[in-house]
Amino acid sequence: MLTNLKEAIEALKQRIRFNLTLAQEVEEEIKEILKEPVSTQRSKKLNERFIKNKKLMSENEDSLNLQRSIINYLEKHHDELSQFPEIIEYKSNKGKNTSEVSTKIEIKREDYFELTINKSIEFDNLHPYFKDESFANDLISYFIEIEDYEMCARLSKITKNETVK
């Protein structure tokens, strides 16, 4: 049980680091948007970025509170927990361990979208959503909206080559 709680704390730390990286990327976008002339479209873009950062910071705050609660629990009940026998690992009929805590951070589709449009990750055959036609269409729509037609052409070519195979 102690191990599981410590793994949960570590997973929360990893998610916070990931969110901070995303927030820094959004801040860079905001700096670029601020260079644009004042317009309703600029205001809309800024508002979207501010909302995204606010959401990331809110999630981080919740994660920090949860970490504090777990740490307080561990400090308060450490002696009792260390005497508690290890949790029995139950195996399903498929042979997978169902009581195991995974410390892998699950990255949401929206996060991959943000990383891709910021060009932090390449949209190629190694991209997790490379074969997702809806994801590719969302990317193309985004780049049309910001008038990055070179990227639209590149994405169209990549997705067309993938569907021909």
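For what it's worth, the working numbering labels the leading residue of the sequence shown as 1, then goes sequentially. Every residue, glycine too, gets a C-beta built ideally from N, C-alpha and C.
Residue i to residue j, Cα distance in whole Å?
{"i": "Ile9", "j": "Ile33", "result": "36 angstroms"}
{"i": "Tyr73", "j": "Leu115", "result": "36 angstroms"}
{"i": "Asp62", "j": "Asn161", "result": "43 angstroms"}
{"i": "Lys45", "j": "Asp132", "result": "26 angstroms"}
{"i": "Lys31", "j": "Arg42", "result": "12 angstroms"}
{"i": "Ile144", "j": "Arg68", "result": "44 angstroms"}
{"i": "Ile35", "j": "Asn47", "result": "What sits at residue 35 in the sequence shown is Lys, not Ile. If I take the Cα positions, the gap works out to 15 angstroms."}
First and last residue of the alpha helix (DSSP H) that includes residue i?
{"i": "Phe199", "result": "What the structure shows of the chain is the stretch from 1 to 165, and residue 199 is not part of that stretch, so it cannot be assessed."}
{"i": "Lys6", "result": "Leu2 to Leu34"}
{"i": "Glu110", "result": "Arg109 to Ile117"}
Who are the near neighbours of residue i in its chain, counting only those whose CB is closer than 7 angstroms to its CB and skipping five residues on each side?
{"i": "Leu56", "result": "Asn19, Leu22 and Ala23"}
{"i": "Leu168", "result": "As shown, the chain starts at 1 and ends at 165. That puts residue 168 outside it, with no answer to give."}
{"i": "Asp111", "result": "Leu22"}
In its own chain, which residues sit with a C-beta less than 6 angstroms from the C-beta of residue i, not counting the 5 before and 5 after it?
{"i": "Glu29", "result": "Arg49"}
{"i": "Ile140", "result": "Cys152 and Leu155"}
With 16 other CB atoms within 10 Å as the buried threshold, where does residue i fall?
{"i": "Ile38", "result": "Looking at the sequence provided, one finds Val at residue 38 rather than Ile. That one is exposed."}
{"i": "Ile146", "result": "exposed"}
{"i": "Leu64", "result": "exposed"}
{"i": "Leu126", "result": "exposed"}
{"i": "Arg17", "result": "exposed"}
{"i": "Asn53", "result": "buried"}
{"i": "Asn97", "result": "Unreliable placement is indicated for Asn97, whose pLDDT of 47 sits below 50; the coordinate value is still reported in the next sentence. Exposed, since its Cβ has fewer than 16 Cβ neighbours within 10 Å."}
How many whole angstroms separate the CB atoms of residue i and residue j, which I take to be in contact at a CB cut-off of 8 angstroms?
{"i": "Phe135", "j": "Ile158", "result": "Contact doesn't hold; Cβ gap of about 12 angstroms is too wide."}
{"i": "Thr59", "j": "Ser120", "result": "Here the sequence assigns Glu to residue 59, which means Thr is not the residue at that position. Their Cβ separation, rounded to whole angstroms, is 19 angstroms, which puts Glu59 and Ser120 out of contact at 8 angstroms."}
{"i": "Leu5", "j": "Ile70", "result": "5 angstroms"}
{"i": "Arg109", "j": "Tyr129", "result": "7 angstroms"}
{"i": "Ile117", "j": "Tyr142", "result": "6 angstroms"}
{"i": "Phe113", "j": "Asp79", "result": "47 angstroms between Cβ atoms; not a contact."}
Can residue i be considered in contact with the ligand COA, in the sense that its beta carbon sits closer than 7 angstroms to one or more heavy atoms?
{"i": "Asp138", "result": "Judged by which ligands are present, the structure shown has none, so any question about the ligand COA falls away."}
Closest Cβ-Cβ distance between residue i and chain D: below 8 angstroms?
{"i": "Met151", "result": "No chain D appears in the structure shown, which is made up of a single protein chain."}
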